[in-house]
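Here is the structure we will look at, set down as structure tokens.
There are 2 protein chains.
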Amino acid sequence: MENRIQRIKEALQEAQYKLTPQREVTVKVLLENERDHLSAEDVFLKVKDKYPEIGLATVYRTLELLSELKILDKINFGDGVSRYDLRKEGAKHFHHHLVCMECGAVEEIEEDLLEDVEKIVEKEYNFKVMDHRLTFHGICGNCQSKKD
Amino acid sequence: MENRIQRIKEALQEAQYKLTPQREVTVKVLLENERDHLSAEDVFLKVKDKYPEIGLATVYRTLELLSELKILDKINFGDGVSRYDLRKEGAKHFHHHLVCMECGAVEEIEEDLLEDVEKIVEKEYNFKVMDHRLTFHGICGNCQSKKD
DNA sequence: AGTTATAATGTTTGTGATTATCAAACAAAG
DNA sequence: CTTTGTTTGATAATCACAAACATTATAACT
Numbered sequence: 001m002e003n004r005i006q007r008i009k010e011a012l013q014e015a016q017y018k019l020t021p022q023r024e025v026t027v028k029v030l031l032e033n034e035r036d037h038l039s040a041e042d043v044f045l046k047v048k049d050k051y052p053e054i055g056l057a058t059v060y061r062t063l064e065l066l067s068e069l070k071i072l073d074k075i076n077f078g079d080g081v082s083r084y085d086l087r088k089e090g091a092k093h094f095h096h097h098l099v100c101m102e103c104g105a106v107e108e109i110e111e112d113l114l115e116d117v118e119k120i121v122e123k124e125y126n127f128k129v130m131d132h133r134l135t136f137h138g139i140c141g142n143c144q145s146k147k148d
Numbered sequence: 149m150e151n152r153i154q155r156i157k158e159a160l161q162e163a164q165y166k167l168t169p170q171r172e173v174t175v176k177v178l179l180e181n182e183r184d185h186l187s188a189e190d191v192f193l194k195v196k197d198k199y200p201e202i203g204l205a206t207v208y209r210t211l212e213l214l215s216e217l218k219i220l221d222k223i224n225f226g227d228g229v230s231r232y233d234l235r236k237e238g239a240k241h242f243h244h245h246l247v248c249m250e251c252g253a254v255e256e257i258e259e260d261l262l263e264d265v266e267k268i269v270e271k272e273y274n275f276k277v278m279d280h281r282l283t284f285h286g287i288c289g290n291c292q293s294k295k296d
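Chains as they are written, first to last, in this note's numbering: chain L, 1 to 148; chain P, 149 to 296.
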């Protein structure tokens, strides 16, 4: 964990930004909740526990900054809130999501799965793919068994 | 075009809704701008040209209704606005998009391309896929050639 | 046609997430 | 220490969208 903070610090500095205490706390919260897709509000509340003086705007600014630096991915599952997801270290691509239409649970898929599709897109549509977002909507295993 | 309006009318009636003049104008605007990923505001302005008395809320309601009936797909490219996209007739799935990071152009892909991926997801993750959203971010052909 | 029930509309007001503003705190450099 | 630029926190503003509600249209009866 310390390593990852260190790495993020370096990324910030490379882009002429500092890892201020506020930013560090925010990053820590993101690391500690890596699998939850937190909204800005969620992050704000969790950060506030550790650093009560922080302002909402600072959290928004930090999330925006980390997104620009591709440390975070800003996602939108269609419920009027942006959610933030740490990009895996070294991951070229955004990972995929399975959103359950019943219970709202969000599962992540680390596998790429899209290599072939991207090749087709590059060739047939002459489009240079830099990143992708793939979300499946459906019914998760849990909710499927409940229905029986 | 008249056919498609007729088909949409039937879909509405099947769900106990009427094709009111306001709804018809809204549908026409959507058909006339089928390739354009309009926001609710965009639709409202275009509808207003043809039917100045219409209220914003009616347009929102109509877009919502058509989305529920799967005539429209509501999409989100990450700029804080929802955009609306007519579903091709008979299409089970949402079509994909190529968003150019340079010029912002949005191209559509009709091909499914995800059949294999969905099979993997259903098997390995025990997730029943109902729909999907896939967007590629990258550089379109136009912008690629400009760079040379 | 007249009456009533229901659906749909338009105006206006609310709401909730995000952004902008701006003065104050802080940090770095001379 | 002084100056300059960065970052912060409080607050107000914005913006997309939803809710409320009175009004109007439509359909189904009589």
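Note that the Cβ used here is the ideal one computed from N, Cα and C, for glycine as well.
Out of L:Lys123, L:Phe44 and L:Ile71, the CA that lies nearest to the CA of L:Leu56 is found in L:Phe44. Taking 3 residues as the shortest admissible run, the stretch 52-133 of chain L contains the following complete beta strand (DSSP E) segments, listed from N- to C-terminal end: 72-76, 82-86, 96-100 and 106-109.
Of all residues in the stretch 99-133 of chain L, only Cys100, Met101, Glu107, Ile109, Glu111, Leu113, Leu114, Asp116, Val117, Glu118, Ile120, Val121, Glu122, Glu124, Tyr125, Asn126, Phe127, Lys128, Val129, Met130, Asp131, His132 and Arg133 come within less than 9 Å of chain P when Cβ atoms are compared, listed by chain position.
Here P:Leu167 carries a coil assignment [DSSP, helix/strand/coil]. Contact of L:His137 with chain P by beta-carbon distance below 8 Å involves Val277, Met278, Asp279, His280 and Arg281. Going by DSSP, L:Asp42 is part of the alpha helix (DSSP H) stretching over Ala40 to Lys50. Measuring C-alpha to C-alpha distances from P:Lys295 to each of P:Cys251, P:Asn274, P:Glu266 and P:Thr283 identifies P:Cys251 as the nearest.
For L:Gln144, a Cβ of chain P is located within less than 8 Å of the residue's own Cβ. Against chain P, the CB of L:Gly55 has no partner CB under 8 Å away; the residue lies outside that interface. Excluding its 5 nearest sequence neighbours in each direction, P:Thr174 has C-beta neighbours in its own chain below 7 Å: Val191, Val195, Val207 and Thr210, listed in chain order. Listed along chain L, no residue sits closer than 7 Å to P:Asn151 by beta-carbon distance, the nearest being about 29 Å off. Membership of L:Arg7 in the alpha helix (DSSP H) is indicated by the continuous run Glu2 to Glu14. Taken in chain order, the members of the stretch 64-79 of chain L whose beta-carbon sits within less than 8 Å of a beta-carbon on chain P are Lys74, Asn76 and Gly78. Under a 10 Å Cβ-count criterion, L:Gly78 is classified as exposed, with fewer than 16 other Cβ atoms of the shown protein chains found around its own Cβ. The beta-carbon distance between P:Leu282 and L:Leu134, rounded to whole angstroms, is 5 Å. This is short enough to meet the 8 Å contact definition. The straight-line gap separating the alpha-carbon atoms of P:Val265 and P:Lys166 is approximately 39 Å. In its chain, beyond the 5 residues on either side, Val81, Ser82, Arg83 and Tyr84 have a beta carbon closer than 8 Å to the beta carbon of L:Ser39. Rounded to whole angstroms, the separation of the alpha carbons of P:Gln161 and L:Val129 is 42 Å. The Cβ neighbour count for P:Gly238, taken over all protein chains shown within 10 Å, is under 16; the residue is labelled exposed.
L:Ala105 and L:Gly141 have their alpha carbons spaced roughly 11 Å apart. Chain-order list of chain P residues neighbouring L:Gly141: Asn274 and Phe275, by C-beta distance under 7 Å.
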